[in-house]
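One structure is given here, and the rest of the page talks about it.
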Amino acid sequence: MEGVVLSGDSTHDMARESTNVRTSRRDPQQEIEHLSSNMERLQGQLGEARLDLANSRAERKELVEMLTDLRTKVQPVGLLTDREIMRFVKQLKYNISNLAEQWPDGVPLKSPSMDHKYLSHLQSITPESSDYRLLLQNEDRRPQVVESFIWKVLTTEVFGLFYWAGESVAPHIRGLRLHFSPDQLGSPGLCDVQMWTSKTTQLLFEAVNSRGDNEKGQNNLYLERIKNQITSLIIETLGLSINSRSSIAEQLDDILQGAIDLDKRFSQQAARWEWMYSYKGYHEGGLVFDNDLMKLDQAEQIPSDEKAEVQKVVQFVISPALIKRGDNDSANDGLEATVMKMVVSCKNI
1 MEGVVLSGDS
11 THDMARESTN
21 VRTSRRDPQQ
31 EIEHLSSNME
41 RLQGQLGEAR
51 LDLANSRAER
61 KELVEMLTDL
71 RTKVQPVGLL
81 TDREIMRFVK
91 QLKYNISNLA
101 EQWPDGVPLK
111 SPSMDHKYLS
121 HLQSITPESS
131 DYRLLLQNED
141 RRPQVVESFI
151 WKVLTTEVFG
161 LFYWAGESVA
171 PHIRGLRLHF
181 SPDQLGSPGL
191 CDVQMWTSKT
201 TQLLFEAVNS
211 RGDNEKGQNN
221 LYLERIKNQI
231 TSLIIETLGL
241 SINSRSSIAE
251 QLDDILQGAI
261 DLDKRFSQQA
271 ARWEWMYSYK
281 GYHEGGLVFD
291 NDLMKLDQAE
301 QIPSDEKAEV
311 QKVVQFVISP
321 ALIKRGDNDS
331 ANDGLEATVM
341 KMVVSCKNI
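When we follow full-length UniProt numbering, the leftmost residue of the sequence shown carries the number 1, and every step to the right adds one.
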């Protein structure tokens with residue numbers, strides 16, 4: 001049989017086909033290696049992306065914290081230091097004590113009536129509702145009762161009522177503060193409420209200052225009316241004679257204006273300033289003197305070497321303690337400090 005001779009091209013084609021066959025047989029392994037390499041590369045890229053995302057979140061959190069600090073630390077108009085606040089507090093306290101020392105003898109009301117609604121404040125000073133009458137007739141004890149009564153009126157009828165905001169605005173602020181009370185379920189924190197009050201106060205001042213003299217005059221008339229009403233009720237409740245009323249009324253007007261201004265300053269602060277009458281330490285039905293929160297009235301203080309180490313029972317409170325809640329950055333609800341002690345009388349009635 002005659003042999004077949006292959007051409008050069010045919011030989012080349014057959015070799016290429018043989019190579020392709022061998023290559024195709026290696027493709028699955030190479031594909032696996034290729035996919036594995038791609039997977040490692042993608043996993044590396046994913047890890048880098050996750051790291052970038054974590055860094056971005058951390059930077060965003062830091063930026064938010066910085067903006068929050070900037071928002072709270074930028075000093076609003078009217079924000080005062082504790083020392084500046086206490087200067088106004090001490091001036092008010094001095095004016096009240098000074099007036100109490102000058103208070104003349106009088107005949108207090110014998111029974112409450114609708115026309116003299118402050119009598120309940122006077123009756124609440126002492127353990128027995130009628131004890132105040134005996135003390136007012138005592139020249140040495142009268143200043144204590146008068147001072148205590150004025151403080152009761154101020155803390156109940158002036159502070160926290162926002163009279164400085166004007167007749168049309170004050171009731172709305174009182175209502176919102178009551179609605180935002182931290183004691184209410186779901187209400188914002190103490191510092192948040194105080195920050196809201198501070199910013200609202202600042203906006204109110206800006207609005208009032210931008211208005212005409214007529215509206216400012218109306219607000220001044222409103223404040224004068226409020227002060228006159230409170231002054232008359234204080235004088236009538238204590239039974240002051242007509243001859244003594246003029247000079248006493250002038251001093252009461254100054255005290256009330258000082259209290260209204262101080263209430264306004266309290267409203268501008270990031271921390272919350274509160275007058276406090278409540279205290280701990282009951283002993284046989286009475287209130288035990290607490291040196292951390294109270295101090296004796298100056299008229300009852302004795303030299304330290306004569307003090308007896310016994311429990312003193314408080315008879316009544318002459319002036320309340322002043323408590324600062326939170327801090328000046330409006331960032332610590334739990335912080336509490338007694339900035340002025342309660343003044344009390346431990347002398348028997």
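All C-beta atoms, glycine included, are put in the ideal place defined by N, C-alpha and C.
Everything numeric in this text was worked out from a predicted model, so none of it was measured.
Residue environment for G166: buried (at least 16 other C-beta atoms within 10 angstroms of its C-beta). Residue range F316 to S319 is occupied by the beta strand (DSSP E) that includes F316, with no alpha helix (DSSP H) assigned at that position. If only complete runs of 3 or more residues are kept, the stretch 214-289 shows the beta strand (DSSP E) at 272-276 and 286-288, in order along the chain. In this model, V314 and L122 are separated by some 17 Å (Cα to Cα). For the 8 Å CB-CB criterion, I255 and N95 form a contact. Taking the Cβ atoms as the reference, Q194 lies roughly 6 Å from G326, within the contact range of under 8 Å. Under the three-state reduction of DSSP output, V146 falls in the helix class.
For L296, the uninterrupted beta strand (DSSP E) segment begins and ends at M294 to L296. The beta carbons of S97 and E147 sit about 6 Å from each other, so the pair counts as a contact at 8 Å.
No Cβ-Cβ contact shorter than 8 Å links F149 with D263. By the criterion of a C-beta distance shorter than 7 Å, M276 is surrounded in its chain by P320, A321 and I323, once the five residues flanking it on both sides are discounted. Residue pairing from DSSP places R325 in a beta bridge opposite R272 and E336.
Excluding sequence positions up to five before and after S210, its CB lies less than 8 Å from no other CB in the same chain.
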